[in-house]
Amino acid sequence: MPDPQQPWYTPGPRQEPVPGNPYASPQDGPGPGAPQDYGQPGYGAAVPPPPPPGRRFGRGPVVAAVVALVLVVVAGGVYAATDRGRGEPVAKKSPGPSASASPSSAPPAGGAELSRIPTTAEVAAARKPGEAAAWIADDRTDIPQQINPVHDLWIVGDTAVQALYRKVTAYRLSDGAEVWSLTLPSAVCETPANPTPDGKVVVFRHERPDNERNNLCNQMQMIDLKTGKEGWHAKLDEPGDERGTHLVYSAISGDVLAVARDMFTTTYRMADGSKLYKVPRENKGACIPDKVAGGDRLLVSSTCMVAIDRSKNFGQVRELDPRTGKILWRYRTETGWSVGSLISMDPVAFTVYNNEDVAKDWRITVLDPGGKHRVTFDARAKGFEHCAGAGSGEDLQPCRGSGAGKGMIMVGGTDQVGAYDARTGKFLWGVKDNRMRTLYPLRAEDGNAMRVYEAAGRSSPGRTYLMGPRGAGTETEVVKHPAATAPWEYEMFSAHTAYVDGRLVLTPTQVSGDENHKPVREARMLSFAPGSP
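Position one of the sequence shown corresponds to residue 1 (UniProt numbering), numbered consecutively onward.
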């Protein structure tokens, strides 16, 4: 229970500006796309304005307008293979961090220098006492002048791996050095949220090398994330309307790949790409399996269209044995409601939304281990937005800015973070701020506490800290992110985030290839870890 002497809402302290930061002001104001008035209930957030012409990495003109965190599954392994017409991975012998630089060469955190990404050595040279150790990665790969998605972030062994456009790259966690990179014949269009336990993954790429809108997402390529070597390659050639391969959803559970597209969901063996089984429709064909989620379980969600009147339709979630396809349990939503996004696999927790008010009316549902309904609660009462403002209709996995653990359901968003009891749905504690800063849970801790990431503001860097039921003003184990990287951290306003062994990794969710003007050049990846004083 919250300490009665600590209010749920507490104003944030005044922030000192970062020298040279063009975004700096005496106090942080709303970030791009943030609501102008604090505390207004509702769904999502305003769409941010298009990026300036020179913006390459970071925010762009899409729906998500708040920092969206992706809690990644830590895997330890890999898979290898080859395919004609593909280049071999670029092998690297564990190169060291970025080139060294003297303290005097460290760039100021703003101004014209924002058009150049500093080296990790320059960041280290500019680091102040008490600040976190950090590394920063750049990538000058030529990409189209359009909004290009940066796909799921995977932590495999001692590397952070991610796909952007035609390139899959692994960066070493300790210093950000590139370990390997693999260039594919066409752009990646879909990735699963997690690899296999031993690090294998299948990425989906476009059928053609061009960037036209009608390019099908139907080429499956297995990659060993430890070595960057390719494995089997196959075309997604399920029967039906081939146009359905414009939009594909994938998930991996154990050694099984599940693929949902159009009105079909099919599973494949990760070892060789051979087909295992189709997920059946139910309710006389009205319940169509349309999205999948993986990890410790294989979950398939369905949209059950039993009537033209959407208030009479409903959603369904099934857990399948990945290898056999046997249905272990099924859960049906209330009539008039649909399945939104997955928050957790243990316990199974997900959002549901009202078919007649998709934009505003949503809840969080928690099931027991057997798929029985445990509790449904309304987080809107405390001002939380659906998946931290990410909206509905995206991948089933994950629900950004949320998580579960230690008996809690954790939710975050603009200026607030809180915890609910996973058994009863009771609100345990929460903290609100008024600086338009994004607060998101990273990991549950003992004592109903959680590790929290507070994103960078216009005039100050972010931080990570431990927060518990006593609430505001009781943060401990605070890791202050360095001022030298604040402008680039701020540019990752909508970020993929991984937290592993005390290290936070951030990457953008989309990039723009426009390099004609570069008033701001965003980093490819950032990482922070506690450093020696």
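Positions of the beta carbon are idealized from the N, C-alpha and C atoms, including for glycine.
Following the DSSP letters along the chain, one finds residue 358 in no beta strand (DSSP E), marked with neither H nor E.
Residue state for residue 212 is assigned as coil, using DSSP reduced to three classes. Contact between residue 316 and residue 332 holds: CB atoms are separated by about 5 Å, below the 8 Å threshold. Going by C-alpha positions, residue 143 is about 47 Å away from residue 374.
A Cβ-Cβ separation of about 14 Å leaves residue 187 out of contact with residue 214 under the 8 Å criterion. Cα atoms of residue 506 and residue 283: separation of roughly 43 Å, rounded to the nearest angstrom. The C-beta of residue 237 has fewer than 16 other C-beta atoms within 10 Å across all chains shown, which makes the residue exposed. In the three-state reduction of the DSSP assignment, residue 312 falls in the helix class. Closest option to residue 498, judged by alpha-carbon separation, among 526, 480, 479: 526. Assigned with DSSP and collapsed to three states, residue 480 falls in strand.
About 6 Å separates the CB atoms of residue 437 and residue 454; that is less than 8 Å, so the two are in contact. Beta-bridge partners of residue 149 (DSSP): 510. For residue 122, the enclosing alpha helix (DSSP H) stretches over residues 120-126. Under a 10 Å Cβ-count criterion, residue 368 is classified as exposed, with fewer than 16 other Cβ atoms of the shown protein chains found around its own Cβ. Between residue 504 and residue 464 a beta carbon distance of about 6 Å is seen, short of the 8 Å cut, so the two are scored as contacting. Contact check for residue 253 against residue 295 passes: the beta carbons are separated by less than 8 Å. For residue 490, the uninterrupted alpha helix (DSSP H) run begins and ends at 486-491, by DSSP.
In the structure shown, residue 387 adopts helical secondary structure according to DSSP, grouped into three states. By the Cβ neighbour-count rule, residue 250 is buried, with 16 or more other Cβ atoms within 10 Å of its own.
Under the three-state reduction of DSSP output, residue 261 falls in the strand class.
A contact is defined here as three or more CB-CB pairs under 8 Å, and the segment 287-294 meets this definition with respect to the segment 257-267.
If you ignore the 5 residues before and after residue 337, its C-beta comes within less than 7 Å of the C-beta of 314, 315, 352, 353, 354, 355, all in its own chain and listed in chain order.
Less than 8 Å separates the beta-carbon of residue 417 from that of residue 431. Bridge partners of residue 169 according to DSSP: 162, 181.
Here the alpha carbon of residue 234 sits roughly 12 Å from the alpha carbon of residue 270.
When the five nearest sequence neighbours on each side are left out, the beta carbons in the same chain lying within less than 6 Å of the beta carbon of residue 475 are those of 465, 467, in order along the chain.
By the Cβ neighbour-count rule, residue 306 is exposed, with fewer than 16 other Cβ atoms within 10 Å of its own.
Selection 399, 167, 348, 155 evaluated against residue 230 yields 167 as nearest (Cα-Cα). Straight-line spacing of the CA atoms in residue 145 and residue 209 works out to 15 Å. Under the DSSP definition of a beta bridge, residue 226 lacks any partner.
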